[in-house]
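Worksheet: one structure, shown below.
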Amino acid sequence: MSRGTSSTSIPRASRSNAGVTLVLIMLFASMSPFFASADAPEEEPELFTGNLADFDIDDSGKAYLSTPAGDPVFSGTRHLKNQWIAAGMPGMILPFAPDAVQSRSIGARACENAWSQGDAVTMPTASGNIAAEVERVTSYAAIIVENGVSIPSTTINDIASTWDSSIYPTDTSYFGNPPDVDNNCQIEIVILDIDGPSNIGGYFSPGIASSREAIFVDSSDLGWRNVIFAHEFEHLLHNARDPLEYAWIDEGNADMA
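The numbering of the sequence shown is the working numbering, which starts it at 6 and goes up by one.
As structure tokens, then:
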């Protein structure tokens, strides 16, 4: 063995190959999170629905007009809006902002997600998701009823005709057209069991509004349905244009509806 040469020395070519290999390993390691994120399905943000468990009539209850003073029926909307604002207004969209209007005007409304009668629905509500079914569709609405809630067909027929002939055209003439964020050209009228007769008769949830146009009414308070529908539909329309409107203005308009 010649002087100055160690028996453990690495040939120059081997050292070069090892260096290239190390660089490639480091490069792949740095890019692997990118490939992993590209392959992973994108998770949808959790919908903020709010809840009615701690609804306080004195704090945020708003009695519907015409309901009896001795046994009033209340809107739960102000309670849910206060929760939504306190949570940082998750999912807030401004569908009538200039850029949003311009993007929607590029293509005509396709109504491609419209509900059909008999469709099964998993509906987000302020009491959690419910299983429901589309009982009737009209020119402007899908009437959706929670499974297990029985509504006479005569009542469904009256809701359908009154909505299309009176409530929808009146509210939209004063407060503008709905945004249609879900591209189904329908207001979802959701009839469900909220809390039995009186107390909360219905609501609109600003958190749910980021994904659909829906108003909710207690099946036990359908005797006041037209007042509730008109009131909550105004909240939906007003929220789309000014979600942080003063409460007294929004509620005053809803009463006028």
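Just so it is clear, CB atoms sit at the ideal spot from N, CA and C, and this is done for glycine as well.
C-alpha gap between TRP253 and ILE90, whole angstroms: Here the question's residue 253 lines up with position 248 in the sequence shown. Here the question's residue 90 lines up with position 85 in the sequence shown. Distance between the alpha carbons of TRP253 and ILE90 is about 16 Å.
For ILE220 and THR143, the rounded distance between their alpha carbons: As a first step, residue 143 must be located in the sequence shown, where it is residue number 138. As a first step, residue 220 must be located in the sequence shown, where it is residue number 215. Straight-line Cα distance between these residues: approximately 15 Å.
LYS86 versus SER210: straight-line alpha-carbon distance, rounded: The residue labelled residue 86 in the question sits at position 81 within the sequence shown. The residue labelled residue 210 in the question sits at position 205 within the sequence shown. Cα-Cα distance, rounded: 7 Å.
9 Å Cβ cutoff met for GLY53 and GLY212: Walking along the sequence shown from the start, residue 53 turns up at place 48. Walking along the sequence shown from the start, residue 212 turns up at place 207. A small correction: the amino acid at residue 53 is Phe; Gly does not occupy that position in the sequence shown. Closer than 9 Å, so yes.
Helix, strand or coil at GLU239 [DSSP, three-state]: For the purposes of this step, residue 239 is taken as the residue at position 234 of the sequence shown. Residue state, collapsed to three classes: helix.
Secondary structure of PHE79, DSSP reduced to three states: The sequence position of residue 79 within the sequence shown is 74, counting from 1. Strand.
Chain-order list of residues whose beta-carbon lies under 8 Å from that of TRP229 (same chain, five-residue window excluded): In the sequence shown, the residue the question calls residue 229 occupies position 224. Excluding residues within five positions, the ones whose Cβ falls inside 8 Å are TYR69, SER71, THR72, VAL78, GLY206.
Unbroken beta strand (DSSP E) run spanning MET128, endpoints: As a first step, residue 128 is located in the sequence shown; it is residue number 123 there, counting from the start. It spans 125-128 - the beta strand (DSSP E) in which MET128 sits, taken as one unbroken run.
Per DSSP, the bridge partner or partners of GLY133: Here residue 133 is taken as the residue at index 128 of the sequence shown, counted from 1. Paired residues: ALA131.
Spatially closest choice to THR127 from SER121, MET94, ALA136, by CA coordinates: Mapped onto the sequence shown, residue 127 falls at position 122. The shortest C-alpha separation from THR127 is found at ALA136.
Through-space distance from PHE238 to ASP64, alpha-carbon basis: Position 59 of the sequence shown holds residue 64. Position 233 of the sequence shown holds residue 238. Approximately 22 Å between the Cα atoms of the pair.
Contact check, VAL139 vs GLN122, beta carbons under 9 Å: Taking the first residue of the sequence shown as position 1, residue 139 is located at position 134. Taking the first residue of the sequence shown as position 1, residue 122 is located at position 117. It is a contact, given that the beta carbons lie within the stated cut-off.
Reduced DSSP secondary structure (H/G/I, E/B, other) of GLY284: No statement about residue 284 is possible, as the shown extent of the chain runs from 6 to 262 and does not include it.
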